[in-house]
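Enquirer:
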Amino acid sequence: MTPLERRASASLASIFALRMLGLFLVLPVFALEARKYPGGDDPMLLGLAMGIYGLTQGFLQLPFGMASDRFGRKRVIVLGLVIFALGSFWAAAATDLTGLLMGRSLQGAGAVSAAVTALLADLTRDEVRTKAMALVGASIGLMFAVSLVLAPVLTGAIGLPGLFGLTGVLAMLGVCVVVWGVPTPHAPAASKGRGSLKRVLGHAGLLRLNFGVFVLHAVQLAMWVAVPAMLVQAGLPKDDHWQVYLPAVLGSFVLMGGVFAMERRGHLKKVFLAAIALIALVQGGLFLQSAATAHLWPLAGLMFAFFSGFNVLEATQPSLASRLAPTEVRGTAMGVYNTLQSLGFFVGGLMGGWLVKSWGSPALFLCCGAAMLAWLLVAWPMQAPGRSQPVVQVA
Numbered sequence: 000m001t002p003l004e005r006r007a008s009a010s011l012a013s014i015f016a017l018r019m020l021g022l023f024l025v026l027p028v029f030a031l032e033a034r035k036y037p038g039g040d041d042p043m044l045l046g047l048a049m050g051i052y053g054l055t056q057g058f059l060q061l062p063f064g065m066a067s068d069r070f071g072r073k074r075v076i077v078l079g080l081v082i083f084a085l086g087s088f089w090a091a092a093a094t095d096l097t098g099l100l101m102g103r104s105l106q107g108a109g110a111v112s113a114a115v116t117a118l119l120a121d122l123t124r125d126e127v128r129t130k131a132m133a134l135v136g137a138s139i140g141l142m143f144a145v146s147l148v149l150a151p152v153l154t155g156a157i158g159l160p161g162l163f164g165l166t167g168v169l170a171m172l173g174v175c176v177v178v179w180g181v182p183t184p185h186a187p188a189a190s191k192g193r194g195s196l197k198r199v200l201g202h203a204g205l206l207r208l209n210f211g212v213f214v215l216h217a218v219q220l221a222m223w224v225a226v227p228a229m230l231v232q233a234g235l236p237k238d239d240h241w242q243v244y245l246p247a248v249l250g251s252f253v254l255m256g257g258v259f260a261m262e263r264r265g266h267l268k269k270v271f272l273a274a275i276a277l278i279a280l281v282q283g284g285l286f287l288q289s290a291a292t293a294h295l296w297p298l299a300g301l302m303f304a305f306f307s308g309f310n311v312l313e314a315t316q317p318s319l320a321s322r323l324a325p326t327e328v329r330g331t332a333m334g335v336y337n338t339l340q341s342l343g344f345f346v347g348g349l350m351g352g353w354l355v356k357s358w359g360s361p362a363l364f365l366c367c368g369a370a371m372l373a374w375l376l377v378a379w380p381m382q383a384p385g386r387s388q389p390v391v392q393v394a
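See below:
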């Protein structure tokens, strides 16, 4: 990477990290702490409260992405982070589950992922794009690992409202990074005509990736409706769940160096498909664990396998999407991509809660496994893109 690419990757990864740390601090304890609020005794409503963030993200990722093509990436990112912070403070002040729903939905309205990813693509060359995206993915994974350690401690000290307040403060720190730390392209990408969305929606390669990111994040969130309870059943208290999650996340990072080497040798498609298949197998293992008495060591192994596949896909999918998308509509393409990602969060939370409530955890993991196998079939004809797009010059 050039010094510019390192600065762009590090600063934009820190924006994702600050934003996602706040979200992840809430995730491990939300299903348990939200039960204490009026209305929190309904598993389906809890799943909705977890996933409503993804619904509003799903509605607004595309408008934010298109706006970044027209008005500039950094302006859109700052606006989205401010809205996200306001939603966090709203949730901090909530006194019932309805208030939490409203705060979570406003958090989701700060839909900056498409603009951030498009800006990172603007500032990096194709040959280092996956590495840049992996840095973002690693920052997200690291924040997830950190949150698993800190969440129980912080929840005991400041409660769920305090976690949401801290999330708002972290989002405002992200605004500072955007203003003073992120390189500014010489000129914002300009939208060329009204057919840009049509171009994106008619692109077969992008459609495969959009389907995949929907499935991946639906499965991810749906799993977390059931996995914490399985760890408790296996004898691990909720405050000690980080002892499984943290080694699994950190261990999965070791595999990323191999991904870069495989990409350089032209084997990116094989790695991509293998990661999808691995997560499908994980769902089968979780089905077997949930259908009988859950055991700690098998669950720990399954978590390591899941994060290994998940981190590979988190690095390669947005890299592929940004490389396949025409430069002049890159923000729009990433908006569509992140819309499907966010809708996956929403559907995963809602359907995960409904499946566990109606049919139990085994049915949840069967459905997740079937979804991953469907994605494997859709992704099978994919072609890795060439390397032709230059890095954007900066002022």
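Be aware that the sequence shown starts at 0, since it is given in this note's numbering, and climbs by one per residue.
In this text, a Cβ means the ideal position worked out from N, Cα and C, and glycines have one as well.
Please read all numbers here as calculations on a predicted model, not as lab measurements.
Apart from the five residues just before and just after residue 60, which ones in its own chain have a Cβ nearer than 7 angstroms to its Cβ?
Expert: 110, 112, 113, 334, 337, 338 and 341
Enquirer: Can you tell me whether DSSP reads residue 439 as helix, strand or coil?
Expert: No answer is possible for residue 439: the residues shown for the chain start at 0 and end at 394.
Enquirer: Assuming the contact rule is C-beta atoms closer than 8 angstroms, residue 45 and residue 170 should be a hit. Round their C-beta distance to whole Å, please.
Expert: Incorrect: roughly 24 angstroms between the Cβ atoms, too far for contact.
Enquirer: Between the Cα of residue 105 and the Cα atoms of 273, 3 and 58, which residue gives the shortest distance?
Expert: That would be 58, whose Cα lies nearest to the Cα of residue 105.
Enquirer: Let me check understanding here. Comparing Cα to Cα, which of 6, 370 and 21 lies closest to residue 179?
Expert: For residue 179, the nearest C-alpha among the options comes from 6.
Enquirer: Which of the three DSSP states, helix, strand or coil, is assigned to residue 1?
Expert: DSSP places residue 1 in the coil class of the three-state scheme, outside both helix and strand.
Enquirer: Secondary structure at residue 187, three-state DSSP: helix, strand or coil?
Expert: Confidence at residue 187 is low in this model, with a pLDDT of 46, below 50, so the placement of that residue should be treated as unreliable; the coordinate-derived value is given next. In the structure shown, residue 187 sits in coil (DSSP, three-state: anything other than H, G, I, E or B).
Enquirer: Exposed or buried, what is residue 357 when buried is set at 16 or more other beta-carbons lying within 10 Å of its beta-carbon?
Expert: exposed
Enquirer: Going by other Cβ atoms of all chains shown within 10 Å of its Cβ, with 16 needed for buried, is residue 292 buried or exposed?
Expert: exposed
Enquirer: Among residues of its own chain, excluding the 5 on either side of residue 191, which ones have a beta-carbon nearer than 7 angstroms to its beta-carbon?
Expert: Unreliable placement is indicated for residue 191, whose pLDDT of 47 sits below 50; no coordinate value is reported for it.
Enquirer: Select from 295, 307 and 181 the residue whose C-alpha is nearest the C-alpha of residue 2.
Expert: 181
Enquirer: From residue 248 to residue 140, what does the alpha carbon distance come to, in whole angstroms?
Expert: Residue 248 and residue 140: Cα-Cα distance of roughly 7 angstroms.
Enquirer: Does the stretch 126 to 135 come close enough to the stretch 65 to 75 that 3 or more CB-CB pairs lie under 8 angstroms?
Expert: no
Enquirer: Could you tell me which of 90, 209 and 177 sits nearest to residue 158, measuring between CA atoms?
Expert: 90
Enquirer: Give me, in chain order, the residues of the same chain whose beta-carbon lies closer than 6 angstroms to that of residue 308; leave out the 5 immediate sequence neighbours on both sides.
Expert: 274, 277 and 278
Enquirer: Tell me which residues share the same chain as residue 10 and place their Cβ nearer than 7 angstroms to its Cβ, disregarding the 5 neighbours each side in the sequence.
Expert: So the list reads 176, 180 and 181, once near-sequence residues are dropped.
Enquirer: Would you call the stretch 26 to 36 and the stretch 203 to 214 touching, i.e. three or more CB-CB distances under 8 angstroms?
Expert: no
Enquirer: Starting from the Cα of residue 268, find the closest Cα among 23, 312 and 43 and give me that residue.
Expert: Among 23, 312 and 43, the Cα nearest to that of residue 268 is on 312.
Enquirer: In angstroms with no decimal places, state the Cα-to-Cα distance between residue 375 and residue 212.
Expert: 12 angstroms
Enquirer: Return the residue from the list 19, 24, 17 and 53 that minimises the CA-CA distance to residue 343.
Expert: 53
Enquirer: Please list, in chain order, all residues of the same chain as residue 232 whose beta carbon is under 6 angstroms from its beta carbon, the five residues on each side excluded.
Expert: 293
Enquirer: Secondary structure at residue 68, three-state DSSP: helix, strand or coil?
Expert: helix
Enquirer: Distance check for residue 354 and residue 135, CA to CA, integer angstroms please.
Expert: Going by C-alpha positions, residue 135 is about 32 angstroms away from residue 354.
Enquirer: Could you work out which residue in 382, 239, 77 and 320 is closest to residue 199 when comparing CA atoms only?
Expert: Per the Cα distances, 320.
Enquirer: Mind reading off the beta-carbon distance from residue 149 to residue 24? Whole number of angstroms is fine, and I expect it under 8 angstroms.
Expert: 6 angstroms
Enquirer: Please state whether the Cβ-Cβ distance between residue 301 and residue 284 is less than 8 angstroms.
Expert: yes
Enquirer: Taking 8 angstroms as the threshold (C-beta atoms), are residue 131 and residue 119 in contact?
Expert: Less than 8 angstroms separates the beta-carbon of residue 119 from that of residue 131.
Enquirer: Excluding five sequence neighbours on each side, which residues of the same chain lie with their C-beta closer than 8 angstroms to the C-beta of residue 4?
Expert: 122, 123, 124, 127, 131 and 390
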